[in-house]
Amino acid sequence: MVTGQPIKGARVALGSRIAWTDSQGSYALQRVPVVAGTVTMYFSAPGHKSTLRKIDVVPNAEYEVCVSLAGSTATGPGNIEVWGLATLSNAYTPPTVAGLKAPRVRRSQPLAGPDPEYQFARPDAIIVVPRPGSKHAAAAADVNAAGARVVRSSPLSGYILVSIPEGRSAEEFAQELGRLPWVDTAYPDNVVWALGGPVEPNDPGYTQQWHYRAISLPQAWGVTVGFERPVTVAVIDTGVRPEHPDLQGRLDLANARDFVDNDYDPTDEPSAGRASHGTHVAGTIGAATSNGIGVAGVSWGATILPIRVLRPDGSGSESLVADGINWAISRGASVINLSLGQPSFPPLGSVGNTALERAESQGIVVVAAAGNTGTSGVWWPAAHPTTIAVGAVGRQLQKASYSTTGPELDVAAPGGACGNDQFPGTGDPEDRIFSTYYMPGDSAQYGYMQGTSMATPHVSGVVALMLSKLGPMAPAEVRDLIQMTSMDDPGVPGWDPDYGHGIVNAYAAVTASTMDRAIFALVDEEGELQSAADYGGRDRSFSVPCALPGVHSLFGWLDVNENGVVDDGDYVGLQRGVEVTSPGPLFVPLFKLRYFNNLWPTEDLQLISKIDVAALLAGSNARVRVRRIR
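Right, here's the structure in full:
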């Protein structure tokens with residue numbers, strides 16, 4: 001039955017975009033990603049039958065889509081539906097306002113390293129892959145001439161293992177071997193470890209990098225530190241300080257470029273009183289990590305390609321940015337970090353927009369800063385639909401007062417919030433982002449900065465980890481995965497202009513923990529099912545069909561390692577006191593699935609252990625086992 005009356009609170013979903021109708025039944029979806037020309041829209045509302053609508057769309061166009069939802073008669077016992085929006089929660093608890101200060105590190109007294117299990121040793125050999133069909137009879141001679149030796153060759157995998165000469169950096173020596181005419185690829189034979197939980201590097205400044213724990217990086221490092229596949233991140237910025245001790249072996253100086261001085265030396269020479277912006281950004285993406293000095297970087301294995309397009313005062317131009325993007329494309333970058341911007345959007349067909357579109361067509365992921373105005377209107381290039389636009393949050397995971405908002409925003413990441421006007425007592429510099437540092441006349445090699453410029457490299461580093469672990473992905477796939485695995489935020493459920501899709505979650509991203517891998521059901525206090533079970537949607541929606549009337553617990557489970565048991569590192573949700581009455585359906589505004597470990601309340605662990613998850617998944621009678629951290 002169709003009444004013809006407006007429906008308030010109806011849910012409209014199109015891929016990663018979700019909207020709710022107002023009292024007039026109106027809604028708006030903005031910045032819709034167009035992949036193949038045809039998109040599917042889903043419409044649902046309490047007491048009505050859901051429906052979908054397929055429409056053909058083209059970029060940069062507006063459409064009006066009107067639908068009617070018929071009333072649902074399936075409201076009897078066992079036919080009630082519980083539905084809502086689910087989100088992942090990060091493995092991080094923001095400190096109280098009164099306890100914001102992080103532990104200080106005395107530079108003269110480095111902290112003790114982590115357990116030996118997590119000491120990531122430096123590689124002692126280089127993997128050399130010959131070019132297909134090459135005649136490399138001179139391989140041994142070339143290697144000996146470089147002061148090294150052939151350790152072994154592997155016909156099975158098609159590589160030659162070469163020792164690293166004493167006193168040489170593994171990364172620099174690999175680049176040298178890679179320039180030999182018979183060599184296709186050369187890279188360090190990095191040490192592989194059995195992974196068993198969060199990884200904490202031994203860099204003494206890591207304790208001041210609260211921003212890594214805020215995005216579940218220790219948990220992500222338990223899965224990958226970025227050595228599976230080579231990934232190059234181009235930092236298009238003010239340049240870097242190549243002599244910085246925590247950037248040694250991390251920079252691709254052979255392919256670096258300086259478009260300001262029109263040479264190939266990317267050395268940043270900031271104006272008096274200004275810190276090296278590019279050096280700080282580069283350190284966040286990939287400072288040498290677990291090397292016992294300085295700070296950690298998000299990706300331990302990514303190579304940083306420095307490209308200088310900003311002058312000593314931090315200014316630049318669209319034309320130089322376009323040159324930088326095209327240079328990164330020509331030098332094989334996988335990710336481009338743009339911690340820069342301008343308030344106006346260049347015209348269609350401009351050199352800047354053309355460069356961004358070319359980067360996407362070449363499979364390169366572009367990550368850009370939203371801007372620091374604190375107002376609405378995301379800056380270019382972040383406003384371009386090909387980029388991942390990043391806003392900033394502080395240590396409390398509240399939007400930084402300076403972070404620019406708008407419909408183009410994709411996600412948020414830690415950018416620091418010293419003196420955030422939302423928390424007047426938080427003026428400590430340590431509320432900012434701690435990374436590699438250089439300022440003329442200042443001997444400090446590590447320091448604090450804040451801004452969406454600092455938030456952006458967190459996302460670029462996470463993208464590098466994703467590409468290394470998960471393999472090549474199209475930029476649209478990466479953007480979608482970053483959005484769909486972002487964590488809950490203080491904003492409204494789903495997307496909003498302050499936080500985008502939420503705060504980036506490194507662990508969920510590298511494990512591809514999207515909500516369509518999570519299963520939902522209602523259970524009683526004995527763990528018995530009080531509904532059917534169903535998987536969620538990639539847009540974070542979920543539906544529990546055939547619910548029985550009563551007061552139950554809503555259970556959600558994302559089996560991250562897909563081993564069929566609830567164990568450490570999975571995402572689990574348990575919401576007690578869900579009252580189901582006829583007629584239905586029942587809407588749950590926000591259901592959180594939290595990182596699962598032995599810190600959960602005992603009563604929750606006891607209930608979860610009773611749930612017949614194996615039967616829920618495969619029809620067996622085996623009980624779920626709850627594993628604790630040893």
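Here my numbering is used: the first residue of the sequence shown is 1, the next is one more, and so on. Virtual Cβ for every residue (Gly too), placed ideally from N, Cα, C. Model, not experiment: these values are computed from the prediction.
Alpha carbon to alpha carbon, how far is Phe596 from Val335? Give it in angstroms, no decimals. 31 Å
Should Thr602 be labelled buried (16 or more other beta-carbon atoms within 10 Å of its own) or exposed? exposed
In chain order, what residues of the same chain have a beta carbon less than 8 Å from the beta carbon of Pro165, not counting five sequence neighbours either side? Ala146, Gly147, Ala148 and Phe173
Using 8 Å as the cut-off, can you tell me whether the region 81-96 makes contact with the region 535-554, which would need three or more C-beta pairs spanning the two stretches below that distance? yes
For the beta strand (DSSP E) that contains Ala282, what are its first and last residues? Run containing Ala282: none in the beta strand (DSSP E); it sits in the alpha helix (DSSP H), His277 to Gly286.
Nearest-angstrom Cα separation, counted from Gly461 out to Leu586: 40 Å
Measure the alpha-carbon distance for Arg517 versus Ser531 and round it to whole angstroms. 19 Å
Option nearest Pro497 by Cα separation, candidates Asn326, Lys54, Ala412 and Ala220: Ala412
So the alpha helix (DSSP H) Glu477 belongs to, where does it begin and stop? Pro475 to Met484
Could you give the C-beta distance for Ser89 and Lys592, rounded to a whole number, given that I count them as a contact under 8 Å? 5 Å
Helix, strand or coil: which one does DSSP assign to Gly371? coil
Using a Cβ-Cβ cut-off of 6 Å (strictly less than) and excluding sequence neighbours within five positions of Leu338, which residues of its own chain qualify? Ile236, Ala368 and Pro381
What does the alpha-carbon distance come out to for the pair Ala234 and Ile304? 6 Å
Residues bridged to Ala19 by DSSP? Val12
Close beta carbons around Ala444, own chain, < 8 Å, minus the five adjacent residues each side: Tyr437
Per DSSP, what kind of secondary structure is Trp83 in: helix, strand or coil? strand
Of the residues Pro346, Leu247, Ile215 and Arg538, which one's Cα is nearest the Cα of Met487? Ile215
Ordered along the chain, which non-local residues of its own chain (more than five positions away) have a Cβ less than 8 Å from that of Trp20? Gly9, Ala10, Arg11, Val12 and Tyr27
Element boundaries [beta strand (DSSP E), containing Val295]: Here Val295 belongs to no beta strand (DSSP E), and DSSP marks it neither H nor E.
Compare the beta carbon distance of Leu617 and Gly537 with 8 Å and say whether it is the shorter of the two. no
Which same chain residues end up closer than 8 Å to Leu356 when comparing Cβ atoms and leaving out the 5 residues on each side of it in sequence? Ile325, Val366, Pro381, His384, Thr386 and Thr387
Thinking C-beta only, is Leu177 closer than 8 Å to Val128? yes
Measure the C-alpha to C-alpha separation of Pro6 and Pro347 and round it to an integer number of angstroms. 39 Å
Taking only runs that begin and end inside the region 376-447, name each unbroken beta strand (DSSP E) of 3 or more residues, in chain order. 387-393, 411-414 and 433-436
Name the two residues that bound the continuous beta strand (DSSP E) containing Val129. Ala125 to Pro130
Going by alpha carbons, who is nearest to Val351 out of Asp323, Thr375, Val67 and Asp524? Asp323
Between which two residues does the alpha helix (DSSP H) containing Arg308 stretch? Arg308 -> not in any alpha helix (DSSP H); beta strand (DSSP E) instead, spanning Thr303 to Arg308.
Secondary structure, beta strand (DSSP E): runs of 3+ residues fully inside the region 226-285: 232-237
Confirm, please, whether the CB-CB distance from Ala139 to Ser299 is below 8 Å. no
Drop a sphere of 10 angstroms on the beta-carbon of Ile608, count the other beta-carbons inside from all chains shown, and report buried for 16 or more, exposed for fewer. buried
Look up Asp496 in the DSSP assignment and give the residues it is bridged to. Gly500
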